[in-house]
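Protein chains in written order, with my numbering: chain A, 262 to 627; chain B, 11 to 239. The structure under discussion appears below in the form of structure tokens.
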Amino acid sequence: MSLGGIPNLLVDIEVQRNGFNLRVALDVQSEVMVLFGPSGSGKSTTLQAIAGLITPRKGTIVFNGETLFQRGRAVPLVNAPARKRRIGYVFQDYALFPHLTALRNIAFPLWKRPGAGSRARELLEQMGLSGLGNSYPHELSGGQQQRVAIARALAAEPQVLLLDEPFSALDLETRRRVRGEVRKVLHETHIPVVLVTHDREEVLALGDRVAVIDQGHIVAHGAPLALLGHPPRERVARLTGMKNIIRLQVLGADPAEGILHCGRGEFLLEVPLSDVHAGQEVMVGFRADDVLLATTKPVGLSARNAIPGKVVSVQSIGTVYEVIMDCSGIYLMSHITRRAVEELGVKPQVGLWAVVKTASCFILHE
Amino acid sequence: MPGPILEPLRLSFQVMALATLLLFVFGLILGVLLARVKFPGHLAIETIILLPLVLPPSVVGYYLLVALGRGSPLKEWAGLDILFTWWAAALASALVGLPLMVLSTRAAVANINPALENAARTLGSSEPGVFFRVTLPLARRGVLAGLVLGAARALGEFGATLMVAGSIPGRTQTLPLAIYDAVQNRDYILANQMVLIMTGIAFVGLWWARRQEEVRKPGPRQQTQEEIE
């Protein structure tokens, strides 16, 4: 009963595990759906339930009209075993069989089928692993292991592919390098893909859609760029890595200019016009990436917000530096490069100007 | 090799062969169950299986004697009349070797990352498929080490065997019993020879089992030429 031949996975489940309640509903077409959330939010549990490795307390899992799981009051129990669901699963640590070569790993689901060897070799080459077929998993690099794991899952010709933090076992450099390749492979499969991650970059690089999960519940979903760029609520903003979230009072609106004047004490900020009234308290958010730093008050610049402040701390976080500024008692966070730190002489107690575009700020609903 | 040694030696290997078979089947089942299924009272079951490690073999033999003797269900209903045959010797030996096999198998299976078995399931493997293609190959070294230790222990069995099979030359008199007999008869030359043979076999078995443990520990295992092909 496929609707117009478009693959479609419907998930609506409740899982109870170690006193933790998970309630997730997903509708995935032939696209990459990213489940994004902090660790412990229930992402992996959701994948395990879809794959049939754990049994939800109630709910349904339907693929193309075929019920894989169904449990609830007044309905007969359906619980297809994992092996019959045809759902591919790429585990976080890849779970390659250590006693089998790369080729035998890929051929595992093709056991006793005619042409298994040549099909496995074909997949091996497709993944750019030719020549590594006789290597054991421990002899392969992290990126190679990941590709063997994906090839092995695809060898079973799954109807749905699940990937649990597929890049977390890789170093930062490899992660960026292989992301493009994985994206290509995932889109070529033309099947519903659910990918779990807690990395914003991966959401933007790989996702067609994203669902933000927090404490066992999906708190937001939509297109990655829209959702991560303009999270609708404070909680979602925090989960998606928005570092500057401040409580301000609406001082007045300027509908002609399309802006709102907000502030607290001496701290003033212009934000895009929103449906709020003067005197109201609002949460305003903007990314640390969108905060520029300047040694003097900038002139001839389109950005409308220039806020004087003092550097509190400078700290390296991976590829960028995180600078915390004290602006009239309000702490702002800015991400700048190492070169910028050197050229501006950024160190604690130095006075600087924080510059934020009005369009980078937005009001969050609590 | 003179007849007084050859006959007990042959009988010893015959008893060990059957005991090893019993060890493999029951030890494997029990080891896997104890590693994977947490049922109420599993600790009690485990302790009972391990008892032969600390009980005097005569006690184990006595239990067997009662279980197989006149009036026992095994004899009267199942028609299992094996007392004072080499079959009884094999059963006694297997029982005494069982703890070693179960302990080793359980540890090897418990060590396997459950994600590997789950991966096999998502790849379409049935439960027997998961066991024979993933669990057993990965636990292979531990299972083999346990089997060899258990078999070596079975080969050296004395007390329990004496209780249920006696020491009938040519029928149930295995090497350990023949040694006792030789010493009783003050035939020290014969005893020396048999003692050396026993020690040699035990040493090789233990050494091999220890070696399996050594190889197992440092992670990646060695591959053989056959596997590379």
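Positions of the beta carbon are idealized from the N, C-alpha and C atoms, including for glycine.
Delimiting residues of the beta strand (DSSP E) encompassing residue i
i, result
"S595 (chain A)", "591-597"
"T473 (chain A)", "Correcting the residue type first, residue 473 (chain A) is Val in the shown sequence and not Thr. Looking at the DSSP string, the run of the beta strand (DSSP E) that includes V473 (chain A) is 470-475."
"S577 (chain A)", "566-578"
"T321 (chain A)", "319-324"
Best match in the options for proximity to residue i [C-alpha to C-alpha]
i, options, result
"A549 (chain A)", "A:T501, A:V537, A:H538, A:G513", "A:T501"
"H360 (chain A)", "A:G526, A:N395, A:K373, A:V464", "A:N395"
"W217 (chain B)", "B:A125, B:G156, B:A201", "B:G156"
"K504 (chain A)", "A:A487, A:D551, A:R470", "A:D551"
"Y397 (chain A)", "A:I578, A:F358, A:V351", "A:F358"
"G326 (chain A)", "A:P268, A:R365, A:G404", "A:P268"
"P533 (chain A)", "A:L489, A:K618, A:T580", "A:K618"
"W625 (chain A)", "A:E434, A:A312, A:V537", "One point to set straight first is that residue 625 (chain A) is Leu, not Trp, in the sequence displayed. Closest option to L625 (chain A), Cα to Cα, is A:V537."
"G303 (chain A)", "A:T362, A:Q476, A:I367", "A:Q476"
"F528 (chain A)", "A:A472, A:L509, A:E400", "A:L509"
"N121 (chain B)", "B:S103, B:V153, B:L133, B:D91", "B:V153"
"G519 (chain A)", "A:T321, A:F623, A:V336, A:Q353", "A:F623"
"P337 (chain A)", "A:G349, A:G320, A:Y350, A:R346", "A:G320"
"E137 (chain B)", "A:L314, A:L401, A:G378", "A:L314"
"M26 (chain B)", "B:I207, B:A161, B:G13, B:M204", "B:A161"
"I568 (chain A)", "A:I591, A:G579, A:H491", "A:I591"
"I322 (chain A)", "A:T556, A:R461, A:V285, A:S291", "A:V285"
"G546 (chain A)", "A:L593, A:A430, A:T556", "A:L593"
"Q541 (chain A)", "A:V511, A:G561, A:E603", "A:V511"
"H399 (chain A)", "A:T362, A:V584, A:R334, A:A539", "A:T362"
"N282 (chain A)", "A:M294, A:G561, A:G301, A:L270", "A:G301"
Terminal residues of the alpha helix (DSSP H) in which residue i lies
i, result
"L361 (chain A)", "Neither: L361 (chain A) is in no alpha helix (DSSP H) and is coded neither H nor E."
"F23 (chain B)", "13-32"
"R380 (chain A)", "377-387"
"D191 (chain B)", "185-194"
"R163 (chain B)", "146-165"
"M173 (chain B)", "169-175"
"T115 (chain B)", "96-120"
"I311 (chain A)", "304-312"
Residue i, buried or exposed, once every other Cβ within 10 Å from all chains shown has been counted against 16
i, result
"F49 (chain B)", "exposed"
"N195 (chain B)", "exposed"
"V225 (chain B)", "exposed"
"D425 (chain A)", "buried"
"Q407 (chain A)", "buried"
"W87 (chain B)", "exposed"
"N366 (chain A)", "buried"
"H482 (chain A)", "buried"
"N279 (chain A)", "exposed"
"P453 (chain A)", "buried"
"P299 (chain A)", "exposed"
"S263 (chain A)", "For S263 (chain A), the pLDDT reaches just 43, beneath the cut-off of 50, and the residue's location in the model is therefore unreliable, leaving the point undetermined."
"E239 (chain B)", "At E239 (chain B), the pLDDT of 35 sits below 50, so the modelled position is not reliable and the matter cannot be decided from this model."
"Y198 (chain B)", "exposed"
"L613 (chain A)", "buried"
"V47 (chain B)", "exposed"
"R600 (chain A)", "exposed"
"Q222 (chain B)", "buried"
"L31 (chain B)", "exposed"
"P492 (chain A)", "buried"
"G166 (chain B)", "buried"
"E463 (chain A)", "buried"
"L562 (chain A)", "exposed"
Proximity below 7 Å, CB of residue i to CB of residue j
i, j, result
"L84 (chain B)", "L159 (chain B)", "no"
"L371 (chain A)", "A410 (chain A)", "no"
"A310 (chain A)", "V276 (chain A)", "yes"
"L308 (chain A)", "L489 (chain A)", "no"
"P485 (chain A)", "L456 (chain A)", "no"
"L554 (chain A)", "S595 (chain A)", "yes"
"D149 (chain B)", "A29 (chain B)", "The sequence shown places Ala at residue 149 (chain B), rather than the Asp named in the question. It is not a contact, given that the beta carbons lie outside the stated cut-off."
"I348 (chain A)", "P317 (chain A)", "no"
"V607 (chain A)", "M586 (chain A)", "no"
"A104 (chain B)", "L206 (chain B)", "no"
"T132 (chain B)", "Y355 (chain A)", "no"
"A130 (chain B)", "V119 (chain B)", "no"
"G389 (chain A)", "V439 (chain A)", "no"
"V272 (chain A)", "D469 (chain A)", "no"
CB-CB length for residue i against residue j, believed under 8 Å
i, j, result
"N566 (chain A)", "V611 (chain A)", "About 20 Å; that fails the 8 Å criterion."
"S574 (chain A)", "P609 (chain A)", "6 Å"
"G41 (chain B)", "R116 (chain B)", "4 Å"
"A175 (chain B)", "T182 (chain B)", "4 Å"
"L385 (chain A)", "S391 (chain A)", "6 Å"
Check: residue i C-beta below 6 Å from any heavy atom of the ligand HEM
i, result
"V64 (chain B)", "The ligand content of the structure shown is nil, which means the ligand HEM is not present either."
### Message
Give me the subset of the segment 441-458 of chain A whose CB atoms are less than 9 Å from a CB atom of chain C, sorted by chain position.
### Response
Although the question refers to chain C, the structure presented lacks it and instead comprises the protein chains A and B.
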